[in-house]
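Using this note's numbering, you'd call the opening residue of the first sequence number 2 and step up by one each time.
Only one structure is covered here, and it is reproduced in the block below.
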Amino acid sequence: MTTPRVRFAPSPTGYLHVGGARTALFNWLHARQTGGTFILRMEDTDAARNTKESRETIFRGLRWLGLAPDEGPEEGGDLGPYSQSERGEIYAAAVADLRARGVVYPCFCTRERLAELRARQEAAKERYGYDRCCLGLDADEVTRKIDAGEAHTLRLRVPEGETVIDDLVRGEVKVAHADVEDIILVRADGAPVYNFVVVIDDHHMGVSCVLRGEDHLTNTFKQVILFKALGFDVPLYGHLPLILGPKGQGKLSKRKHPEAALEHYIDRGFHPEAVVNWLALIGWSLDDKTTILSRDELVQHFSLGRISKSGARLDLDKLEHLSGHYIREMDPAALADALVPFLAKAGHIAEDPNSQQRATVEHLAAAYRERLVAFSDVVAEAVWAFQPVTDYEGKASKNLVEKPTIPALLRDYADALPDPLPDPEAHEAHARAFVEERGMGFGQLVHPLRAAWTGRPGGPPLFDCAAILGRKEAHARLLQAATWSEENLPES
RNA sequence: GGCCCCAUCGUCUAGCCAGGUCCAGGACACAAGGUUCUCAUCCUUGGAACAGGGGUUCAAAUCCCCUUGGGGUCACCA
Numbered sequence: 002m003t004t005p006r007v008r009f010a011p012s013p014t015g016y017l018h019v020g021g022a023r024t025a026l027f028n029w030l031h032a033r034q035t036g037g038t039f040i041l042r043m044e045d046t047d048a049a050r051n052t053k054e055s056r057e058t059i060f061r062g063l064r065w066l067g068l069a070p071d072e073g074p075e076e077g078g079d080l081g082p083y084s085q086s087e088r089g090e091i092y093a094a095a096v097a098d099l100r101a102r103g104v105v106y107p108c109f110c111t112r113e114r115l116a117e118l119r120a121r122q123e124a125a126k127e128r129y130g131y132d133r134c135c136l137g138l139d140a141d142e143v144t145r146k147i148d149a150g151e152a153h154t155l156r157l158r159v160p161e162g163e164t165v166i167d168d169l170v171r172g173e174v175k176v177a178h179a180d181v182e183d184i185i186l187v188r189a190d191g192a193p194v195y196n197f198v199v200v201i202d203d204h205h206m207g208v209s210c211v212l213r214g215e216d217h218l219t220n221t222f223k224q225v226i227l228f229k230a231l232g233f234d235v236p237l238y239g240h241l242p243l244i245l246g247p248k249g250q251g252k253l254s255k256r257k258h259p260e261a262a263l264e265h266y267i268d269r270g271f272h273p274e275a276v277v278n279w280l281a282l283i284g285w286s287l288d289d290k291t292t293i294l295s296r297d298e299l300v301q302h303f304s305l306g307r308i309s310k311s312g313a314r315l316d317l318d319k320l321e322h323l324s325g326h327y328i329r330e331m332d333p334a335a336l337a338d339a340l341v342p343f344l345a346k347a348g349h350i351a352e353d354p355n356s357q358q359r360a361t362v363e364h365l366a367a368a369y370r371e372r373l374v375a376f377s378d379v380v381a382e383a384v385w386a387f388q389p390v391t392d393y394e395g396k397a398s399k400n401l402v403e404k405p406t407i408p409a410l411l412r413d414y415a416d417a418l419p420d421p422l423p424d425p426e427a428h429e430a431h432a433r434a435f436v437e438e439r440g441m442g443f444g445q446l447v448h449p450l451r452a453a454w455t456g457r458p459g460g461p462p463l464f465d466c467a468a469i470l471g472r473k474e475a476h477a478r479l480l481q482a483a484t485w486s487e488e489n490l491p492e493s
């Protein structure tokens, strides 16, 4: 048996949908695991809706996820071209074949008639679908109409019987042909339609296994009928459960949910490996307890047989947990590298940071490693490291006015601030000695200090914050906070 | 509405195919406690589910049927 050939076939009409990303991942995993081939094919048949940006977004998304195609528009391959817009000749030949086989018939019905038909069916609560009006035309009339140049589409003539597919995830699924309408394969302008080109391409590209969303299930029936009508081998199919919106209510859609776009996750700065791990777990599981799986482990353990059948809501909490987990596992230097673009974009540092900025970022990376869920979070969490404190948030302000002695305490500490500033550990020892001399609790010092230095109620170990600021800034902020405290102390 | 698919904790799921070991396991979220200068991490503990009804069977979360519920799809879009 030859190795599987699978494909991901998005249409470049918007951004890369997470469901699409998940489909791409499953296909990629299956290919990597079996030594098969992962093909990327652009389904850009609809010239009016395709955009170049969208195409780029798809490439970028796949790259970000680390899902490199073996064959595709950018990487080439022997069975290309890999964009449908460039496969006109192949389709033209296929149309000729279709006609020669007599599996298709011309339909002269206008869009208006079709719309009326549909409206009538809807009103009468009948089954929707083409009424085969043009199938009854006699041969002479057909030639006459065609000679007269009457516009017509080409419809597949669905034979009697039923189609059964042995779905890789759902088992046997069947439909009676009476429930499948004669679909249009070629538009009146001669352009082929999706359900037609998919079949041609899957056949010519040697696709042996199609993994795609369950929303394609009804298309699959039509496509299988076409495969057979053309005398082609039918590939294996596996229909993945749909991804539902976070609150249920229908499949995740681009319109309703911003979370539908992969870009959303890229921009937020989730760890890409976490996103891969998370995506893998939407509709698939290894066993009853494993949730953390590296890319390599996924390749090793992934199996089509363990794909679940029911739709899954998008669990954003789980992604945050996973991303936090993966970030915690990074070493500070790697985390710093990941943080740089986000900090630069916020204007906190240069895109190509100087050595001092680099040192600060590395220090922040170490300090915030346990506190980040996504890379971009550092921008807001650590503003204090890049900008002066302008206000004291929530509990931080309370910590500055709790006792009338606080301004004096802050000034004393400013005076006692060692020069140069020692490393955080030694600085803490110094602070502990400071409070001991005064017979006060450590917490009484530490809370106002944190407020002074960061303006926030929480954050990394305090003396790391001081080190990140540097002595001069740390000193200045103590005095600033002392003044603020004086001005805001309750009357009494 | 026709057709198709699905149905275990709030969420994602394991278990179902090969019925007993399941008064149903894990993870996320939530709650409580511990560690800690704060926040977070980490650790411990807790509450929390087999949609309903019929069968089959000595025995059903597991097999069958019905109901209900959810979803998908019915374009000269993909």
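Just so you know, even glycine gets a beta-carbon here, dropped at the ideal spot from N, CA and C.
Predicted model only: the values in this text are computed from it and were never measured.
So who's on the other strand from residue i, going by DSSP bridges?
i: residue 448; result: According to DSSP, which records beta bridges pairwise, residue 448 is partnered with nothing at all.
i: residue 106; result: 156
i: residue 57; result: For residue 57, which the question treats as bridged, DSSP gives no partner whatsoever.
i: residue 238; result: 211
i: residue 187; result: 155 and 193
i: residue 314; result: 245
i: residue 267; result: Partner(s): none; residue 267 has no beta bridge.
i: residue 72; result: 40
i: residue 12; result: None, per the DSSP bridge assignment.
i: residue 309; result: Partner(s): none; residue 309 has no beta bridge.
i: residue 285; result: 308
Considering only residues of the same chain and omitting the five flanking positions on each side of residue i, which have a CB-CB separation below 8 Å?
i: residue 426; result: 464
i: residue 33; result: 39 and 300
i: residue 428; result: 419, 422, 464, 467 and 468
Where does the unbroken beta strand (DSSP E) through residue i begin, and where does it stop?
i: residue 167; result: 163 to 168
i: residue 484; result: Residue 484 -> not in any beta strand (DSSP E); alpha helix (DSSP H) instead, spanning 472 to 489.
i: residue 390; result: Taken as a continuous stretch (DSSP letters only), residue 390 belongs to no beta strand (DSSP E), as it is neither H nor E.
i: residue 38; result: 38 to 41
i: residue 9; result: 6 to 9
Ordered along the chain, which non-local residues of its own chain (more than five positions away) have a Cβ less than 6 Å from that of residue i?
i: residue 10; result: 42 and 44
i: residue 182; result: 130 and 131
i: residue 311; result: 242
i: residue 457; result: 394 and 397
Which term fits residue i, buried or exposed, when burial requires 16 or more other beta carbons within 10 angstroms of its beta carbon?
i: residue 309; result: exposed
i: residue 116; result: exposed
i: residue 206; result: buried
i: residue 455; result: buried
i: residue 27; result: buried
i: residue 377; result: buried
i: residue 76; result: exposed
i: residue 283; result: buried
i: residue 185; result: buried
i: residue 53; result: exposed
i: residue 154; result: buried
i: residue 224; result: buried
i: residue 489; result: exposed
Among the residues of its own chain, which have a CB less than 7 Å from the CB of residue i, if the five just before and after it don't count?
i: residue 119; result: 129
i: residue 272; result: 324, 327 and 328
i: residue 319; result: 279
i: residue 343; result: 270, 376, 377, 379 and 380
i: residue 177; result: 163
i: residue 362; result: 337, 340, 341, 344, 350 and 354
i: residue 25; result: 9, 63 and 68
May I ask which residues mark the beginning and end of the alpha helix (DSSP H) holding residue i?
i: residue 32; result: 19 to 35
i: residue 175; result: First-last for residue 175: 172 to 177, but that is the beta strand (DSSP E), not the alpha helix (DSSP H).
i: residue 51; result: Unbroken run through residue 51: none, as it is neither H nor E.
i: residue 126; result: No alpha helix (DSSP H) holds residue 126; DSSP gives it neither H nor E.
i: residue 398; result: 396 to 402
i: residue 355; result: Premise fails: residue 355 is in no alpha helix (DSSP H) and is neither H nor E.
i: residue 228; result: 218 to 230
i: residue 421; result: Segment: none, residue 421 is in no alpha helix (DSSP H) and carries neither H nor E.
i: residue 141; result: 140 to 148
i: residue 272; result: Looking at the DSSP string, residue 272 is not in any alpha helix (DSSP H), and its letter there is neither H nor E.
i: residue 233; result: Taken as a continuous stretch (DSSP letters only), residue 233 belongs to no alpha helix (DSSP H), as it is neither H nor E.
i: residue 258; result: Looking at the DSSP string, residue 258 is not in any alpha helix (DSSP H), and its letter there is neither H nor E.
Original post:
Counting Cβ pairs closer than 8 Å, one from the segment 191 to 209 and one from the segment 82 to 96, do we hit at least three?
Top reply: yes
Subject >> the segment 399 to 414 contacting the segment 480 to 491, beta-carbon criterion three pairs below 8 Å >> reply: Short answer: they touch.
Original post:
Do three or more CB pairs link the segment 408 to 419 to the segment 304 to 318 at distances below 8 Å?
Top reply: Cβ pair count under 8 Å is below three, so no.
**OP:** Could you say if the segment 14 to 28 and the segment 251 to 268 meet the contact criterion of at least three C-beta pairs nearer than 8 Å?
**Re:** yes
Subject >> Stretch pair the segment 179 to 198 + the segment 56 to 75: three plus CB contacts closer than 8 Å >> reply: no
Subject >> Sufficient close CB pairs (3 or more, under 8 Å) joining the segment 262 to 270 to the segment 16 to 35 >> reply: yes
Original post:
Is the number of C-beta pairs between the segment 336 to 346 and the segment 363 to 378 that are closer than 8 Å three or more?
Top reply: yes
Original post:
Hey, is the segment 457 to 477 in contact with the segment 386 to 397, meaning 3+ C-beta pairs nearer than 8 Å?
Top reply: yes
Original post:
Given 8 Å as the limit, is there contact between the segment 104 to 114 and the segment 136 to 153, that is, 3 or more CB pairs closer than that?
Top reply: Yes, the segment 104 to 114 is in contact with the segment 136 to 153.
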